[in-house]
Structures are given as structure tokens and as C-alpha cells.
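Following: one structure in C-alpha cells, then a few remarks.
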Amino acid sequence: MRHVENFTDVNEKIVARIGEDDFGDSEEDVAEYFTSHVIEDMRGLNLKRAEVYPRVSEHVPEIVDLVETLVERGYAYESNGSVYFDVTAFEDYGKLSNQRLDEIESQGVEDERSEKRHPADFALWKAGAVDPDDIAEHRHADLPAIDDACGQTWESPWGEGRPGWHVECSAMSMTHLDETIDIHVGGRDLVFPHHENEIAQSEAATGQQFARYWLHVGLLQTAGDKMSSSLGNFLTVSDALEEYGVDVVRTFYCSTGYRSEQTFGEDEMREAEERWDRLERAYEAAVDACDSTDAYAKVEDDEFREALAETRESFRAAMNDDFNVREAMAALLELATASNRHVDDNDAYDYWALRETVEAFEELGGDVFGLSFGREAGEEGTVTLAEDLVDLVLEIREAEREAGNYERADDLRDDLAALGVEVHDGDDGPTFRFE
Ligand SMILES: [Zn+2]
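Residue numbers (the working numbering): 2 to 436.
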């Protein structure tokens, strides 16, 4: 599998935040601030890293190419230095969100109306820089107003300008994956217009299906309200991780299917805490029982073995059913119950079944659910990567030494020390530890 996560770093809403808090004084800086925080949060959540994290600002030539193709094929038109997608030219427009064209009133900002042929046409390329009037509503009242046009711009066949929001995803997707991708993921709020527009511009340009499956994620709510900064009812990922720990947060996410809206609240988190506690304790009890001498007796607990087989089967069936993590989690909890019962009720253990149980927790709960059975919480993402990177630097240092570049080798050692990595040169080569 090749996994790509793209970042929007060119956008009116980013420009609107210039100068706010410590976000930065340019569109690039504000975008970088949020991008790096998102990546950090994803690592904190123990999410698998993508192979590539492309950004819009690095793909403007590909975006311009795609817009040119759409103009050539008659799906887009230039108007006043901007380029719009002609929704009436794409027969399937509305197929993802199940709407007919006459049901769609309009999209885009007010001042585009006079430039467009159909109110539902959307911008592929916007002339000039960001107009301060367009971002006024997104700009915090305490901040100084932006007087002049601002944000990044690029040269194009239609004059200086910047990409519209939707087109970037199609261009980046085709650059890093293919014309057709297997799975496209995103929040439910992006179905229309964003994903609808991605389909239209991609399929109009290539004549191929854009995405085989769309996985739309339900939004997080707090006590019936959408979690949002304007309502002040939100908790950041890093706050949640600090307060509950990654395993409880992940257990919480595994209590509802991804398509459903999920409520975040004290009760829900307490429930997640209890569940994780049950799982972790059952796992540890099984590990301890395996290590104890009582495990060498040749006992066969058929009921326990049956429960184990059932867990694997139910877990697999649930995950194959559109990632029904709720059912899969229930299967793991049942295994915890069966394993606890076996350990509590017997003086001699079924070693094979206990061993298999430990493996099931580590494989299904650990590898699939990302819970930290048998390792430190948060270990997998950040720490493993950091260790791999330090190993890589140490290999380079060895190569420098072998080539006689001792000064360079010492510099690398000092650079690592400055980052909090202490290197020790032993007889078997260098070892290191994080300070
Ligand atoms: Zn997108």
C-alpha cells in the first residue's frame, strides 16, 4: 500500500490567521505552524506514517497543467484572469453527494458570481493574491486589518494567481498515486463540495474513475454540539493525550464505527479508560501465567480455546465489515473475559491457549488497533522512527571515520548530543541513549 496525506498550505483561511498568536507572519509560516503540529499530533496518536506528505505550494506546476487540460477539453473556462470549472459540462456532477445540478444553488465566494457562467461553477485558479475583503469574516477582531492583497501567488497562462482549493487534491493525488486510487479518506463535511469537485475535475481530465472507495469519517461532537473552536467546546489532541494517554484515546475511537458521529465527554472517556484497563490487565495476567511454572502442566481448556478461535473469527469478520471497530473491540473484550476466567479458575494452565491469547492481543489489539500491548505507550510511532534515524546518522558517522574524516565524525556526534542523544563508543561499535 502507498499512503499519501496532503496538506493545504495555500488558502484564504490561512492568510486570515497571519499574525494571530504565534502562528507566524506569512502564509508560509502559518501553514508550517499548523502542518508540523498536525504531524506531531498524528505521531502522538500512534498513527501510521504516510509515505509522502505533499503540499500545495510544491505542486503548482502540476496544478496549472491539470487546469490547462481541463480548459483544453472544454470543462473549464477563463474569466477575468480566473479559471472556473463548468459543472454543466460534466454529466456526472453530483453523483457522490446525490444531488442534481438544479438542486445546487451556488458555491464559492460572492464576488465570483459575476465571473461565472453557472452559480455552481467553482474556481480552479484565482486571479491575483487574496483580497482582504474575502477573508475579513475569518480574521480575528483583535488583529490589525490586512489592507493590501496578500498571500502567495504564481505565474500562470492566465496571469499571476493562485490555485483554487479543490484542484490541488486531484493534482497531488495524480502526482503521487495514479489517475485512479483505491481509497480516498476524509471528513464527512467534505463530501460536498470538496470531494464532489475532486471527482468532477479528475474524471473530466483523465476519463478514468477517480476513487474506487470513499471513506467518510463522522465528526466528533461534545454533548450534541459539533466540536469547534468558535463554540469553545474543544480539546486539542495533545491535551487529550496528556490527560488520558494514547491507549485510552485510541480505545475511545474504537468504540464507534468511523462513519458515525462520535461524542466526546467525561462519561465516554471513563468508559474507554475502563475498557483499556480490562484489556491491559487481562493481557498482563496472561503473560504472567505463561511465565509461571503452572503453565507447564498439560492442560487443555476447550472452552477457552473455543473462545480464542471465536475472537479471531469475530474480529476479522467485524473489520471486513467496513471496519466495524466497535464489534472488533467487543471481540477483544470477550477474549479478556475468557482468559481471565481460565487464569482465575485453574491452578494449572493451558499454556498453548495462553500463548495464543498473548499473541492475539499483540496482533489484533497492538498491530491492528495500535494499542500498546507489550510495549511502552506511544513507543511505536515517534520513538522507533527516532531510533532508526539515530542509527542512520551513526552509520554515516562510521563511514566518515573509515574515510578518515574524523573531524566530520566528531561533528556528527556533537550534533546528536545537542539534540539530546548521548553516543557511547564501545568495543562493539557505538551505542546511544536519549537523555
Ligand atoms: Zn481534498
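Just so you know, even glycine gets a beta-carbon here, dropped at the ideal spot from N, CA and C.
Identify, in the order they occur along the chain, each residue of the same chain with its Cβ nearer than 7 Å to the Cβ of Val192, setting aside the five sequence neighbours on each side.
Hits under 7 Å: Leu97, Ser98, His217.
Tell me the DSSP secondary structure of Lys299 in three-state form.
Strand, per DSSP.
Selection from Pro55, Val288, Gly430, Asp292 that minimises the alpha carbon distance to Met175:
Checking every option, the nearest Cα to that of Met175 belongs to Pro55.
Which residues does DSSP pair with Ser229 in a beta bridge?
Answer is none; Ser229 lacks a bridge partner.
Does any heavy atom of ligand 1 sit closer than 7 Å to the C-beta of His425?
Exclusion of His425 from the 7 Å shell around ligand 1 follows from its C-beta lying no nearer than that to any non-hydrogen atom of the ligand.
Does the separation of the CB atoms of Thr252 and Arg276 fall below 8 Å?
It is a contact, given that the beta carbons lie within the stated cut-off.
In angstroms with no decimal places, state the Cα-to-Cα distance between Gly75 and Leu420.
Going from the Cα of Gly75 to the Cα of Leu420 covers about 55 Å.
Assuming Gly430 is part of the beta strand (DSSP E), what are its boundary residues?
DSSP places Gly430 inside the beta strand (DSSP E), whose first and last residues are 430-435.
Would you call the region 75-92 and the region 122-134 in contact, with 3 or more CB pairs under 8 Å?
Contact holds between the region 75-92 and the region 122-134, because three or more Cβ pairs, one in each stretch, are under 8 Å apart.
By a C-beta neighbour count over all protein chains shown, 10 Å radius and 16 as the cutoff for buried, is Asn198 buried or exposed?
Buried, because 16 or more other Cβ atoms sit within 10 Å of the Cβ of Asn198.
Just the Cα atoms here: how many angstroms apart are Ser27 and Val110?
Going from the Cα of Ser27 to the Cα of Val110 covers about 23 Å.
Residues near Glu204 in its chain [Cβ-Cβ closer than 8 Å; skip 5 each side]:
Counting only Cβ-Cβ distances below 8 Å, and skipping sequence neighbours, we find Phe91, Asp93, Gln210, Phe211.
Just to confirm, does Glu199 get its C-beta within under 7 Å of one of the non-hydrogen atoms of ligand 1?
Within 7 Å of the C-beta of Glu199 there is at least one heavy atom belonging to ligand 1.
Alpha helix (DSSP H) runs contained entirely in the region 314-361, provided each spans 4 or more residues:
Qualifying alpha helix (DSSP H) stretches, in chain order: 326-346, 352-361.
Could you check if Asp103 is buried or exposed, using at least 16 other CB atoms within 10 Å of its CB as the buried criterion?
Under a 10 Å Cβ-count criterion, Asp103 is classified as exposed, with fewer than 16 other Cβ atoms of the shown protein chains found around its own Cβ.
Looking at the unbroken alpha helix (DSSP H) that takes in Glu63, where does it start and where does it end?
Membership of Glu63 in the alpha helix (DSSP H) is indicated by the continuous run 61-73.
Let me know if Ser373 comes out buried or exposed under the rule of 16 or more other beta-carbons within 10 Å of its beta-carbon.
Flag for Ser373 reads buried.
Report back the beta-carbon spacing between Cys170 and Asn7 to the nearest angstrom; my notes put them in contact at under 8 Å.
That belief holds up - the Cβ atoms of Cys170 and Asn7 are roughly 6 Å apart, short of 8 Å.
Cα-Cα separation between Val68 and Ala128, rounded to whole angstroms:
Their Cα atoms are separated by approximately 13 Å.
From the DSSP secondary-structure annotation, give me the bridge partner or partners of Gln263.
According to DSSP, which records beta bridges pairwise, Gln263 is partnered with Leu221.
Are there any heavy atoms of ligand 1 lying less than 7 Å away from the beta-carbon of His195, as far as the coordinates show?
Yes, the Cβ of His195 comes within 7 Å of a heavy atom of ligand 1.
CB contact flag (His196, Trp215, <8 Å):
It is a contact, given that the beta carbons lie within the stated cut-off.
At a cut-off of 7 Å, would you count Cys170 as near ligand 1, judging by its Cβ distance to the nearest heavy atom?
Yes, since a heavy atom of ligand 1 falls inside the 7 Å radius drawn around the Cβ of Cys170.
In the structure shown, what three-state DSSP assignment does Val39 receive?
Helix.
Please name the residue, chosen from Asn341, Thr181, Arg327, that lies closest to Gln263 on a Cα-to-Cα basis.
Of the listed residues, the one whose Cα sits closest to Gln263 is Arg327.
May I have the straight-line CA-CA distance separating Arg398 from Arg50, to the nearest angstrom?
Just so you know, the alpha carbons of Arg398 and Arg50 end up roughly 26 Å apart.
Below 8 Å on the Cβ atoms is my guess for Val16 versus Cys151; work out the distance and round it to an integer in Å.
That pair is a contact at about 6 Å.
Using the Cβ count rule (16 or more neighbours within 10 Å means buried), how would you classify Asn12?
Buried, since its Cβ has 16 or more Cβ neighbours within 10 Å.
Buried versus exposed call for Ala349 [16 or more other C-beta atoms within 10 Å across all chains shown]:
Ala349 comes out exposed.
Pick from Val186, Glu180, Gly219 that is closest to Ala201, judged by C-alpha positions
Minimum Cα distance to Ala201 is reached at Glu180.
Could you compute how far the alpha carbon of Asn234 sits from the alpha carbon of Leu220?
If you take the alpha carbons of Asn234 and Leu220, they lie about 14 Å apart.
Hey, Val249 and Glu274: beta-carbon distance below 8 Å or not?
With respect to Glu274, Val249 sits close: the two C-beta atoms are nearer than 8 Å.
Tell me the DSSP bridge mates of Gly405?
DSSP lists no partner for Gly405.
Spatial neighbours of Pro145 within its chain, please: C-beta separation below 8 Å, excluding the five flanking residues on both sides.
Within its own chain, the residues whose Cβ lies closer than 8 Å to the Cβ of Pro145, once the five positions on either side in sequence are excluded, are Gly20, listed in chain order.
Coarse secondary structure for Arg163, derived from DSSP in three states:
Secondary structure of Arg163 (DSSP, three-state): strand.
Spatial neighbours of Asp278 within its chain, please: CB distance less than 8 Å, with the 5 preceding and 5 following residues excluded, ordered by chain position.
Hits under 8 Å: none found.
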